[in-house]
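Residue numbering for the sequence shown is 82 to 400, as defined by my numbering.
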Amino acid sequence: MCEDCCAATVFRPFFHSCLSDKKQRTYRMEKNMVFAVIFGLVIALGLPLNVVSLWIMLRRHGLKSPSAVFMVNLVISDLLLIITLPPRVYFYATETGISNEYVCIFFTMLFRNNVRSSSIFITFISVDRLLAVVYPLRSRHVRTSANASRGAALVWLVVLVVNIPEGLAFTRNLRQRSAKRACFDFSDRNTSTGNNSSLLDSRLNSSSADYFQLVLTFTMLAVNIVSTVLVSHTLQNHLKESARVSNKMNVMLIFAMNLMMFIVFFLPVSLVVFFNKWRPHLSCLASVNCCMDPLLYYFSFDGFWKKKEDVDTSLAREM
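In C-alpha coordinates, the structure reads:
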(Lines of atoms letter the chains of each structure in order from A and count residues from 1; the text may use other names and numbers.)
(Lines give C-alpha, C1' and ligand atoms only; values in the text may rest on other atoms or scores of the structure.)
Protein backbone atom coordinates (compact mmCIF):
# COMPACT_ATOMS: atom_id res chain seq x y z
CA MET A 1 0.00 0.00 0.00
CA CYS A 2 2.80 2.38 0.93
CA GLU A 3 4.67 1.43 -2.25
CA ASP A 4 1.61 2.32 -4.36
CA CYS A 5 1.33 5.67 -2.60
CA CYS A 6 5.00 6.39 -3.14
CA ALA A 7 4.71 5.47 -6.82
CA ALA A 8 1.69 7.74 -7.24
CA THR A 9 3.53 10.55 -5.51
CA VAL A 10 6.60 10.11 -7.72
CA PHE A 11 4.75 9.93 -11.06
CA ARG A 12 2.06 12.54 -10.31
CA PRO A 13 4.17 15.51 -11.55
CA PHE A 14 4.93 13.56 -14.74
CA PHE A 15 1.22 12.93 -15.45
CA HIS A 16 0.35 16.55 -14.72
CA SER A 17 3.13 17.65 -17.05
CA CYS A 18 1.85 15.40 -19.86
CA LEU A 19 -1.70 16.68 -19.45
CA SER A 20 -0.48 20.28 -19.40
CA ASP A 21 1.59 19.77 -22.57
CA LYS A 22 -1.37 18.13 -24.30
CA LYS A 23 -3.63 21.04 -23.40
CA GLN A 24 -1.06 23.53 -24.65
CA ARG A 25 -0.69 21.68 -27.95
CA THR A 26 -4.47 21.54 -28.38
CA TYR A 27 -4.81 25.24 -27.61
CA ARG A 28 -1.99 26.11 -30.01
CA MET A 29 -3.53 24.04 -32.82
CA GLU A 30 -6.95 25.62 -32.31
CA LYS A 31 -5.43 29.12 -32.22
CA ASN A 32 -3.38 28.48 -35.36
CA MET A 33 -6.45 27.19 -37.18
CA VAL A 34 -8.30 30.41 -36.34
CA PHE A 35 -5.37 32.41 -37.76
CA ALA A 36 -5.38 30.28 -40.91
CA VAL A 37 -9.13 30.80 -41.43
CA ILE A 38 -8.90 34.58 -40.91
CA PHE A 39 -5.93 34.96 -43.25
CA GLY A 40 -7.72 32.78 -45.80
CA LEU A 41 -10.84 34.94 -45.62
CA VAL A 42 -8.73 38.08 -46.06
CA ILE A 43 -7.28 36.58 -49.25
CA ALA A 44 -10.70 35.48 -50.52
CA LEU A 45 -12.26 38.92 -49.93
CA GLY A 46 -9.34 41.30 -50.27
CA LEU A 47 -7.86 39.99 -53.51
CA PRO A 48 -10.95 40.35 -55.76
CA LEU A 49 -12.05 43.60 -54.08
CA ASN A 50 -8.69 45.29 -54.57
CA VAL A 51 -8.14 43.95 -58.09
CA VAL A 52 -11.57 45.23 -59.16
CA SER A 53 -10.95 48.56 -57.42
CA LEU A 54 -7.61 48.96 -59.18
CA TRP A 55 -9.16 48.15 -62.56
CA ILE A 56 -12.00 50.64 -62.04
CA MET A 57 -9.70 53.44 -60.90
CA LEU A 58 -7.24 52.98 -63.76
CA ARG A 59 -9.77 52.22 -66.50
CA ARG A 60 -12.63 54.54 -65.60
CA HIS A 61 -11.05 57.31 -63.54
CA GLY A 62 -7.37 57.41 -64.39
CA LEU A 63 -4.70 59.27 -62.41
CA LYS A 64 -6.18 62.70 -62.96
CA SER A 65 -6.32 63.76 -59.32
CA PRO A 66 -3.98 63.48 -56.31
CA SER A 67 -6.52 61.40 -54.41
CA ALA A 68 -6.65 58.90 -57.27
CA VAL A 69 -2.84 58.62 -57.26
CA PHE A 70 -2.76 57.95 -53.53
CA MET A 71 -5.59 55.42 -53.75
CA VAL A 72 -3.91 53.49 -56.55
CA ASN A 73 -0.76 53.25 -54.42
CA LEU A 74 -2.90 52.19 -51.47
CA VAL A 75 -4.34 49.36 -53.58
CA ILE A 76 -0.83 48.30 -54.57
CA SER A 77 0.15 48.25 -50.89
CA ASP A 78 -2.86 46.06 -50.07
CA LEU A 79 -2.12 43.66 -52.93
CA LEU A 80 1.47 43.31 -51.71
CA LEU A 81 0.09 42.44 -48.29
CA ILE A 82 -2.23 39.80 -49.77
CA ILE A 83 0.72 38.20 -51.57
CA THR A 84 2.31 37.50 -48.17
CA LEU A 85 -0.74 35.75 -46.72
CA PRO A 86 -0.76 32.31 -48.46
CA PRO A 87 2.49 31.24 -46.73
CA ARG A 88 0.98 32.28 -43.41
CA VAL A 89 -2.17 30.28 -44.11
CA TYR A 90 -0.05 27.24 -44.93
CA PHE A 91 2.07 27.67 -41.81
CA TYR A 92 -0.82 28.10 -39.39
CA ALA A 93 -2.77 25.22 -40.98
CA THR A 94 0.13 22.74 -41.04
CA GLU A 95 2.73 24.29 -38.68
CA THR A 96 5.18 23.86 -41.55
CA GLY A 97 6.58 27.20 -42.63
CA ILE A 98 9.21 28.59 -44.98
CA SER A 99 12.61 26.99 -44.44
CA ASN A 100 14.55 29.47 -46.58
CA GLU A 101 15.44 32.42 -44.37
CA TYR A 102 15.67 34.89 -47.27
CA VAL A 103 12.16 34.04 -48.49
CA CYS A 104 10.99 34.35 -44.88
CA ILE A 105 12.55 37.81 -44.58
CA PHE A 106 11.07 38.89 -47.92
CA PHE A 107 7.50 37.99 -46.94
CA THR A 108 7.94 39.43 -43.43
CA MET A 109 9.19 42.79 -44.75
CA LEU A 110 6.35 42.99 -47.29
CA PHE A 111 3.82 42.31 -44.55
CA ARG A 112 5.23 44.98 -42.23
CA ASN A 113 5.49 47.51 -45.06
CA ASN A 114 1.74 47.45 -45.53
CA VAL A 115 1.03 49.15 -42.20
CA ARG A 116 3.64 51.83 -42.85
CA SER A 117 2.76 52.60 -46.46
CA SER A 118 -1.02 52.31 -45.95
CA SER A 119 -1.01 54.65 -42.96
CA ILE A 120 0.92 57.26 -44.96
CA PHE A 121 -1.24 57.00 -48.09
CA ILE A 122 -4.45 57.21 -46.05
CA THR A 123 -3.06 60.30 -44.31
CA PHE A 124 -2.18 61.82 -47.69
CA ILE A 125 -5.78 61.26 -48.78
CA SER A 126 -7.02 63.04 -45.66
CA VAL A 127 -4.66 65.98 -46.16
CA ASP A 128 -5.67 66.23 -49.82
CA ARG A 129 -9.33 66.43 -48.85
CA LEU A 130 -8.49 68.94 -46.15
CA LEU A 131 -6.82 71.22 -48.69
CA ALA A 132 -9.67 70.77 -51.17
CA VAL A 133 -12.31 71.78 -48.62
CA VAL A 134 -10.55 74.33 -46.41
CA TYR A 135 -8.10 75.90 -48.89
CA PRO A 136 -9.59 75.17 -52.33
CA LEU A 137 -7.94 78.05 -54.23
CA ARG A 138 -4.58 78.40 -52.47
CA SER A 139 -3.90 74.66 -52.72
CA ARG A 140 -4.60 74.19 -56.42
CA HIS A 141 -0.96 74.55 -57.48
CA VAL A 142 0.06 72.02 -54.80
CA ARG A 143 -2.70 69.48 -55.35
CA THR A 144 -1.61 68.06 -58.68
CA SER A 145 -1.24 64.48 -59.84
CA ALA A 146 2.45 65.11 -60.55
CA ASN A 147 3.14 66.20 -56.97
CA ALA A 148 1.09 63.26 -55.68
CA SER A 149 3.17 60.84 -57.79
CA ARG A 150 6.37 62.33 -56.41
CA GLY A 151 5.03 61.99 -52.87
CA ALA A 152 4.04 58.36 -53.48
CA ALA A 153 7.49 57.57 -54.89
CA LEU A 154 9.08 59.14 -51.80
CA VAL A 155 6.91 57.00 -49.53
CA TRP A 156 8.03 53.78 -51.21
CA LEU A 157 11.65 54.93 -51.07
CA VAL A 158 11.44 55.63 -47.33
CA VAL A 159 9.77 52.27 -46.69
CA LEU A 160 12.49 50.43 -48.59
CA VAL A 161 15.24 52.34 -46.79
CA VAL A 162 13.74 51.35 -43.43
CA ASN A 163 13.71 47.73 -44.62
CA ILE A 164 17.50 47.65 -45.04
CA PRO A 165 18.54 47.85 -41.35
CA GLU A 166 15.38 46.04 -40.29
CA GLY A 167 16.06 43.15 -42.66
CA LEU A 168 19.70 42.90 -41.59
CA ALA A 169 18.71 42.82 -37.91
CA PHE A 170 16.00 40.27 -38.62
CA THR A 171 18.48 38.05 -40.49
CA ARG A 172 21.11 38.28 -37.76
CA ASN A 173 18.70 37.46 -34.95
CA LEU A 174 17.03 34.71 -36.97
CA ARG A 175 20.35 32.91 -37.30
CA GLN A 176 21.02 33.20 -33.56
CA ARG A 177 17.98 31.23 -32.53
CA SER A 178 18.74 28.50 -30.05
CA ALA A 179 16.32 26.14 -31.81
CA LYS A 180 15.46 26.01 -35.50
CA ARG A 181 11.81 26.86 -36.03
CA ALA A 182 9.69 27.66 -39.02
CA CYS A 183 9.13 31.15 -40.38
CA PHE A 184 6.30 33.05 -38.65
CA ASP A 185 6.71 30.84 -35.55
CA PHE A 186 7.05 33.23 -32.60
CA SER A 187 5.25 31.06 -30.07
CA ASP A 188 6.35 30.47 -26.49
CA ARG A 189 6.84 26.74 -26.86
CA ASN A 190 10.50 26.95 -25.91
CA THR A 191 10.21 29.32 -23.01
CA SER A 192 10.78 26.43 -20.63
CA THR A 193 14.33 26.08 -21.96
CA GLY A 194 15.34 29.27 -20.22
CA ASN A 195 15.16 33.01 -20.26
CA ASN A 196 17.72 33.27 -23.07
CA SER A 197 15.25 31.86 -25.59
CA SER A 198 12.54 34.32 -24.56
CA LEU A 199 15.00 37.20 -24.73
CA LEU A 200 16.13 36.06 -28.18
CA ASP A 201 12.57 35.92 -29.47
CA SER A 202 11.97 39.39 -28.07
CA ARG A 203 15.03 40.70 -29.89
CA LEU A 204 13.87 38.97 -33.06
CA ASN A 205 10.42 40.53 -32.91
CA SER A 206 11.36 44.04 -31.76
CA SER A 207 13.72 46.40 -33.55
CA SER A 208 14.31 50.09 -34.08
CA ALA A 209 11.92 49.84 -37.07
CA ASP A 210 9.13 48.90 -34.66
CA TYR A 211 9.70 52.10 -32.69
CA PHE A 212 9.85 54.04 -35.96
CA GLN A 213 6.51 52.52 -36.93
CA LEU A 214 5.03 53.43 -33.54
CA VAL A 215 6.09 57.08 -33.87
CA LEU A 216 4.93 57.14 -37.50
CA THR A 217 1.49 55.75 -36.62
CA PHE A 218 0.90 58.23 -33.79
CA THR A 219 2.05 61.10 -36.03
CA MET A 220 -0.22 60.05 -38.90
CA LEU A 221 -3.11 59.54 -36.48
CA ALA A 222 -2.63 63.08 -35.10
CA VAL A 223 -2.66 64.50 -38.63
CA ASN A 224 -5.87 62.62 -39.41
CA ILE A 225 -7.55 63.86 -36.23
CA VAL A 226 -6.61 67.48 -36.96
CA SER A 227 -7.76 67.14 -40.59
CA THR A 228 -11.08 65.65 -39.51
CA VAL A 229 -11.74 68.44 -37.02
CA LEU A 230 -10.88 71.20 -39.50
CA VAL A 231 -12.93 69.73 -42.32
CA SER A 232 -15.92 69.09 -40.07
CA HIS A 233 -15.78 72.67 -38.78
CA THR A 234 -15.49 74.08 -42.31
CA LEU A 235 -18.33 71.99 -43.71
CA GLN A 236 -20.65 73.06 -40.91
CA ASN A 237 -19.81 76.75 -40.69
CA HIS A 238 -17.40 78.27 -43.18
CA LEU A 239 -17.58 76.35 -46.45
CA LYS A 240 -16.38 78.51 -49.32
CA GLU A 241 -18.25 78.64 -52.58
CA SER A 242 -15.11 77.71 -54.48
CA ALA A 243 -14.94 74.36 -52.71
CA ARG A 244 -18.32 73.23 -54.08
CA VAL A 245 -18.57 70.01 -52.08
CA SER A 246 -21.46 68.07 -53.59
CA ASN A 247 -21.78 65.38 -50.92
CA LYS A 248 -20.79 66.43 -47.41
CA MET A 249 -21.82 63.08 -45.95
CA ASN A 250 -19.39 61.19 -48.19
CA VAL A 251 -16.57 63.57 -47.26
CA MET A 252 -17.11 63.00 -43.55
CA LEU A 253 -17.46 59.25 -44.07
CA ILE A 254 -14.01 59.25 -45.67
CA PHE A 255 -12.48 60.93 -42.62
CA ALA A 256 -14.40 58.69 -40.22
CA MET A 257 -13.20 55.59 -42.06
CA ASN A 258 -9.61 56.83 -42.02
CA LEU A 259 -9.74 57.32 -38.25
CA MET A 260 -11.32 53.89 -37.82
CA MET A 261 -8.54 52.27 -39.88
CA PHE A 262 -5.90 53.82 -37.64
CA ILE A 263 -7.57 53.06 -34.32
CA VAL A 264 -8.66 49.49 -35.14
CA PHE A 265 -5.90 48.19 -37.43
CA PHE A 266 -2.74 50.34 -37.47
CA LEU A 267 -2.42 51.50 -33.88
CA PRO A 268 -2.73 48.07 -32.17
CA VAL A 269 -0.13 46.39 -34.40
CA SER A 270 2.23 49.33 -33.86
CA LEU A 271 2.13 48.67 -30.10
CA VAL A 272 3.88 45.28 -30.43
CA VAL A 273 6.98 46.86 -28.90
CA PHE A 274 5.07 46.66 -25.61
CA PHE A 275 3.03 43.49 -26.29
CA ASN A 276 5.37 41.06 -28.07
CA LYS A 277 3.29 38.04 -27.10
CA TRP A 278 0.35 39.49 -28.97
CA ARG A 279 2.23 40.02 -32.25
CA PRO A 280 0.48 37.15 -34.14
CA HIS A 281 -2.94 38.35 -33.00
CA LEU A 282 -2.27 42.00 -33.84
CA SER A 283 -0.73 41.11 -37.19
CA CYS A 284 -3.79 39.04 -38.02
CA LEU A 285 -6.04 41.96 -37.10
CA ALA A 286 -3.95 44.40 -39.16
CA SER A 287 -4.26 42.24 -42.28
CA VAL A 288 -8.03 42.83 -42.34
CA ASN A 289 -7.47 46.48 -43.30
CA CYS A 290 -6.99 45.54 -46.96
CA CYS A 291 -10.62 44.38 -47.07
CA MET A 292 -11.85 47.75 -45.77
CA ASP A 293 -9.96 50.03 -48.15
CA PRO A 294 -12.32 49.41 -51.12
CA LEU A 295 -15.05 51.15 -49.10
CA LEU A 296 -12.79 54.19 -48.96
CA TYR A 297 -12.46 54.17 -52.74
CA TYR A 298 -16.21 53.88 -53.18
CA PHE A 299 -17.01 56.91 -51.03
CA SER A 300 -14.13 58.94 -52.44
CA PHE A 301 -15.54 59.14 -55.96
CA ASP A 302 -18.97 60.29 -57.04
CA GLY A 303 -20.15 57.74 -59.56
CA PHE A 304 -17.48 55.15 -58.75
CA TRP A 305 -18.88 52.72 -61.32
CA LYS A 306 -19.39 55.29 -64.05
CA LYS A 307 -17.12 55.78 -67.02
CA LYS A 308 -14.36 58.37 -66.97
CA GLU A 309 -16.16 60.89 -69.16
CA ASP A 310 -19.21 60.74 -66.86
CA VAL A 311 -17.23 61.57 -63.72
CA ASP A 312 -14.86 64.26 -64.98
CA THR A 313 -17.27 66.97 -63.92
CA SER A 314 -17.80 65.31 -60.54
CA LEU A 315 -14.08 64.95 -59.92
CA ALA A 316 -13.49 68.56 -60.83
CA ARG A 317 -16.18 69.56 -58.39
CA GLU A 318 -14.63 67.48 -55.57
CA MET A 319 -11.00 68.23 -56.24
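By construction, the Cβ of each residue, glycine as well, lies at the ideal position given by its N, Cα and C atoms.
Predicted model only: the values in this text are computed from it and were never measured.
Here residue 142 is buried: its Cβ has 16 or more other Cβ atoms, across all protein chains shown, within 10 Å.
Segment contact: the region 177-184 against the region 198-211, fewer than three CB-CB distances shorter than 8 Å; contact not assigned. Taken in chain order, the complete alpha helix (DSSP H) segments of 4 residues or longer contained in the region 154-206 are 166-175.
Burial state of residue 335 is buried, judged by a 10 Å Cβ sphere holding 16 or more other Cβ atoms.
Here DSSP, grouped into helix, strand and coil, assigns residue 225 to coil.
Counting C-beta atoms within 10 angstroms of its own C-beta, residue 114 has fewer than 16 neighbours from the protein chains shown and is therefore classed as exposed. The beta carbons of residue 246 and residue 289 sit closer together than 9 Å.
The region 336-343 and the region 103-118 do not touch, with fewer than 3 CB-CB distances between them shorter than 8 Å. Within 10 angstroms of the beta-carbon of residue 355 lie fewer than 16 other beta-carbons, which makes it exposed. In this structure, residue 175 sits away from residue 251, with a CB-CB distance that is not shorter than 9 Å.
Taking 9 Å as the cut-off, the beta carbon of residue 195 is found no closer than this to the beta carbon of residue 134. About 6 Å separates the beta carbon of residue 163 from that of residue 371, a gap short enough to meet the 8 Å contact definition. Here residue 132 is not near residue 166, since their CB atoms are 9 Å or more apart.
Nearest to residue 373 by C-alpha distance, out of 129, 107, 241 and 116, is 129. If you draw a straight line from the Cα of residue 225 to the Cα of residue 147, it is about 6 Å long. About 6 Å separates the beta carbons of residue 368 and residue 120, which is inside the 8 Å limit, making them a contact pair.
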